[in-house]
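Using my numbering, you'd call the opening residue of the sequence shown number 1 and step up by one each time.
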Amino acid sequence: MSVSGVLSFTQQGWEQVLAKVKRAVVYLDSACAESLHWGCGSTRLLEAVGGPDCHLREFEPDAVGGGAKQPKAVFVLSCLLKGRTVEILRDIICRSHFQYCVVVTAVSHAVHLTANHVPAAAAAEMEGQQPVFEQLEEKLCEWMGNMNYTAEVFHVPLLLAPVASHFALTPAFASLFPLLPQDVHLLNSARPDKRKLGSLGDVDASALTPELLLQIRCLVSGLSSLCEHLGVREECFAVGSLSRVIAADLANYAPAKNRKKTAAGRASVVFMDRTLDLTGAVGHHGDNLVEKIISALPQLPGHTNDVMVNMIELTALQTEKENCNVVAPGCLAQSNDTTAKALWEALLNTKHKEAVMEVRRHLVEAASRENLPIKMSMGRVTPGQLMSYIQLFKNNLKALMNHCGLLQLGLATAQTLKHPQTAKWDNFLAFERLLLQSIGESAMSVVLNQLLPMIKPVTQRTNEDYSPEELLILLIYIYSVTGELTVDKDLGEAEEKVKKALAEVFCEESELSPLLQKITGRDGGDIENGHVKCRACMLSTGAPCRWSASLLVPPHWDSSINLTFHKSKNSVDKLFTSLRDIAGARSLMKQFKSVYVPGNHTHQASYKPLLKQVVEEIFHPERPDSIDIEHMSSGLTDLLKTGFSMFMKVSRPHPSDYPVLILFVVGGVTVSEVKMVKDLVASLKPGTQVIVLSTRLLKPLNIPELLFATDRLHPDLGF
Numbered sequence: 001m002s003v004s005g006v007l008s009f010t011q012q013g014w015e016q017v018l019a020k021v022k023r024a025v026v027y028l029d030s031a032c033a034e035s036l037h038w039g040c041g042s043t044r045l046l047e048a049v050g051g052p053d054c055h056l057r058e059f060e061p062d063a064v065g066g067g068a069k070q071p072k073a074v075f076v077l078s079c080l081l082k083g084r085t086v087e088i089l090r091d092i093i094c095r096s097h098f099q100y101c102v103v104v105t106a107v108s109h110a111v112h113l114t115a116n117h118v119p120a121a122a123a124a125e126m127e128g129q130q131p132v133f134e135q136l137e138e139k140l141c142e143w144m145g146n147m148n149y150t151a152e153v154f155h156v157p158l159l160l161a162p163v164a165s166h167f168a169l170t171p172a173f174a175s176l177f178p179l180l181p182q183d184v185h186l187l188n189s190a191r192p193d194k195r196k197l198g199s200l201g202d203v204d205a206s207a208l209t210p211e212l213l214l215q216i217r218c219l220v221s222g223l224s225s226l227c228e229h230l231g232v233r234e235e236c237f238a239v240g241s242l243s244r245v246i247a248a249d250l251a252n253y254a255p256a257k258n259r260k261k262t263a264a265g266r267a268s269v270v271f272m273d274r275t276l277d278l279t280g281a282v283g284h285h286g287d288n289l290v291e292k293i294i295s296a297l298p299q300l301p302g303h304t305n306d307v308m309v310n311m312i313e314l315t316a317l318q319t320e321k322e323n324c325n326v327v328a329p330g331c332l333a334q335s336n337d338t339t340a341k342a343l344w345e346a347l348l349n350t351k352h353k354e355a356v357m358e359v360r361r362h363l364v365e366a367a368s369r370e371n372l373p374i375k376m377s378m379g380r381v382t383p384g385q386l387m388s389y390i391q392l393f394k395n396n397l398k399a400l401m402n403h404c405g406l407l408q409l410g411l412a413t414a415q416t417l418k419h420p421q422t423a424k425w426d427n428f429l430a431f432e433r434l435l436l437q438s439i440g441e442s443a444m445s446v447v448l449n450q451l452l453p454m455i456k457p458v459t460q461r462t463n464e465d466y467s468p469e470e471l472l473i474l475l476i477y478i479y480s481v482t483g484e485l486t487v488d489k490d491l492g493e494a495e496e497k498v499k500k501a502l503a504e505v506f507c508e509e510s511e512l513s514p515l516l517q518k519i520t521g522r523d524g525g526d527i528e529n530g531h532v533k534c535r536a537c538m539l540s541t542g543a544p545c546r547w548s549a550s551l552l553v554p555p556h557w558d559s560s561i562n563l564t565f566h567k568s569k570n571s572v573d574k575l576f577t578s579l580r581d582i583a584g585a586r587s588l589m590k591q592f593k594s595v596y597v598p599g600n601h602t603h604q605a606s607y608k609p610l611l612k613q614v615v616e617e618i619f620h621p622e623r624p625d626s627i628d629i630e631h632m633s634s635g636l637t638d639l640l641k642t643g644f645s646m647f648m649k650v651s652r653p654h655p656s657d658y659p660v661l662i663l664f665v666v667g668g669v670t671v672s673e674v675k676m677v678k679d680l681v682a683s684l685k686p687g688t689q690v691i692v693l694s695t696r697l698l699k700p701l702n703i704p705e706l707l708f709a710t711d712r713l714h715p716d717l718g719f
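Given below as structure tokens:
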């Protein structure tokens, strides 16, 4: 099997789409655009469209329709063709002049049957038939105004955004996040007549909300297609409660039954819940340049995994702030530039210092090839030095075109090195190391009291101090690395002091950030019965807005108004409930109960990532049956094996049995963790191919956003 399996899987899918787009107006949703962005680049799509009047448009309610000279449209969508998605399709087509419509969905027909409540037995009888797609084709012709026009609806598994040959993300599932203990209460309240769940350990597919279960089935459908592309039959394993549900669904995914019978290869697929170890997600131990770039630079609009690189330095424009939007931003994904891709892989797989030197080397070599007047300098790489090399390309259009991808990565590096957030990275790291020592030597109450002086209102903060969002990151770090807490009077008092200080800080902010608006309920929406209600619509019409989930904060809504201390304190109390949940996330684990390694007279206390523990356990030379890495059986045969093993020697599948290991982190992963996994597998069992998949690429601030999201149990599926 090719080491670039995730890349070829994505590119093969896009080739099917590109074959349909010639001279078409192309509408993409954000998740598919992100897959294209990392997989083969928008230029590949533009080339396939061809013609002088090619148009790429975002799939949204207000999208511009096709004109009289635009008879063909292709819609590329990551979601189910149902509900709101179909309404948007209808509205766009009805205001256009299309005579030929193609709709590509990343969700298989089998999942569409599930979404339409077709029983499994009836769905099995429809093998080879696609009634849902056929019905939509008829509707497309009806909306175009002529039943003789052409309509096509088909499935292409555009699941992945391949960041590297061994690493890919699933943009459509960026919001998928493991459950917390507090979610058990919400699940119980929705099932009054059923047995109550005692803990996350009791959660199975039947306990989840229909929306979350359907989201998992959409993910499983895509993963099954990936296994088909790789030519493997998968054995599924899980670490954590939501991972157990996903792994069981993949193991028993009925449409894959025939594929598994004929697959030539074998692979282990291990799912792991991010919530079991948030220390690595919010910590700053990773000595990786890409991790710092992602944390420092602003997010690329419409993307969850790429950033905006300011390209104005390569233009003749003045650099005043208002000009920043004049020039299209650069980015990290350089799928069509061989040299830039080689540099990107190096940045992912080397430490910060070596990566910066690699950027300099590539810039020097590119300038030399273009005969630019470069002045060599050795020693420490500075942002000024990198900028001096980059500006050599400024007035040379040919050189700019030849090395555009490389220059974007060079600018990303220079802008990150001089960014204030990068300077603060070391401050975070120093404080985290101090916390590790304190946790081993002192009670949790003492650790919280150490944090207390750092909680400062906006009027007293300098650039060196921690913002409210950064304080949340530190709190998550503390509670996650500490693990299960012994609740006593001292801890209660220390928490109350921190809560009061935070509540006062929130009240005194001149303007709340989007995250703090979400935490304090000042984000323009209220939660009622699990649904978001738009305050703007409630004020004007007295009824909830059907599009409330996609609205921005109304311009007349001031997030700082009416945030009393009482309201702020209530929000902080809920925040600490989540922190307690984080501390208890590993309470159901028997083997992986701690990520904290106490210090001794020769070694300082340290953090040992759960991912590292899992990989080491998988490739342990004695191959023990791990208690916490659960194997999910795939039907009657495996159940019989399990039963017979009580009476005779029948070995259960072990995740190290196969030449391919697919490790899926549910809830996001960092660049440093991916490198750690790759290096570990290479050292523990050379020859094993490892593929790391995850829902998103994480930076520290992502975790509070995901933790305090209100749609964890009720994800928006587009209908």
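Yeah, the Cβ is synthetic: ideal placement off N, Cα and C, and Gly gets one too.
On the criterion of 16 or more Cβ atoms from any shown chain inside 10 Å, does residue i qualify as buried, or is it exposed?
i: Cys-227; result: buried
i: Val-487; result: exposed
i: Ser-672; result: buried
i: Lys-69; result: exposed
i: Phe-565; result: exposed
i: Thr-43; result: exposed
i: Ser-368; result: exposed
i: Arg-195; result: exposed
i: Asp-581; result: buried
i: Ser-550; result: Model confidence at Ser-550 stands at a pLDDT of 34, short of 50, so the residue's coordinates are unreliable; what they give is reported in the following sentence. Flag for Ser-550 reads exposed.
i: Glu-235; result: buried
i: Thr-338; result: exposed
i: His-166; result: buried
i: Ser-651; result: exposed
i: Lys-699; result: buried
i: Asp-183; result: buried
Return yes when the Cβ of residue j is within less than 8 Å of the Cβ of residue i, no when it is not.
i: Ser-656; j: Ile-691; result: no
i: Thr-688; j: Leu-713; result: no
i: Ile-374; j: Val-359; result: no
i: Val-232; j: Ala-267; result: yes
i: Ala-738; j: Ser-633; result: With the chain covering only 1 through 719, there is no way to say anything about residue 738.
i: Leu-160; j: Phe-393; result: no
i: Pro-715; j: Leu-212; result: yes
i: Val-239; j: Ile-216; result: no
i: Ile-721; j: Trp-143; result: Outside the shown range of the chain, which is 1 to 719, sits residue 721, and nothing can be said about it.
i: Ala-190; j: Asp-249; result: no
i: Leu-158; j: Gly-13; result: yes
i: Val-666; j: Asp-273; result: yes
i: Ala-59; j: Leu-77; result: Per the sequence presented here, residue 59 reads as Phe, with Ala not at that position. For Phe-59 and Leu-77, yes; Cβs fall inside 8 Å.
i: Ser-335; j: Gly-39; result: yes
i: Ala-164; j: Leu-348; result: yes
i: Thr-482; j: Ala-355; result: no
i: Ile-390; j: Ala-414; result: yes
i: Ala-106; j: Gly-201; result: no
i: Gly-51; j: Ser-96; result: no
In chain order, what residues of the same chain have a beta carbon less than 7 Å from the beta carbon of residue i, not counting five sequence neighbours either side?
i: Val-458; result: Glu-508, Glu-509, Ser-510
i: Asn-529; result: Per-residue confidence for Asn-529 stands at a pLDDT of 37, beneath the threshold of 50, marking its modelled position as unreliable; no derived number is given.
i: Ala-24; result: Val-49, Lys-72, Ala-73, Val-74
Using C-beta distances below 8 Å, list every residue in its chain close to residue i, excluding the 5 sequence neighbours before and after it, in chain order.
i: Tyr-477; result: Leu-278, Thr-279, Val-282, Gly-283, Glu-432, Leu-435
i: Leu-230; result: Met-1, Gly-5, Phe-9, Gly-265, Ala-267, Val-660
i: Arg-461; result: Ser-467
i: Arg-90; result: Lys-139, Trp-143
i: Leu-214; result: Leu-80, Val-111, Thr-114, Ala-115, Leu-717
Excluding the 5 residues flanking residue i on each side, which residues of the same chain have their C-beta closer than 6 Å to its C-beta?
i: Ala-151; result: Cys-101, Glu-137, Leu-140, Cys-141
i: Phe-708; result: Lys-518, Ile-519
Could you tell me which residues DSSP puts in a beta bridge with residue i?
i: Met-387; result: Looking at the DSSP assignment, Met-387 forms no beta bridge with any residue, so it has no partner.
i: Arg-57; result: Tyr-27
i: Thr-105; result: Leu-77, His-155
i: Phe-271; result: Ala-238, Phe-664
i: Val-232; result: Gly-265
i: Ala-161; result: Leu-169
i: Ile-691; result: Ile-662
| message | Extract the residue ranges of the beta strand (DSSP E) inside the stretch 561-637, only unbroken runs of 3 or more that lie entirely within it. | response | 630-632
| Where are the alpha helix (DSSP H) runs, 4 residues long or more, that stay fully inside the stretch 316-360, in chain order? | Within the stretch 316-360, the alpha helix (DSSP H) runs of at least 4 residues that lie entirely inside it are, in chain order, 338-349.
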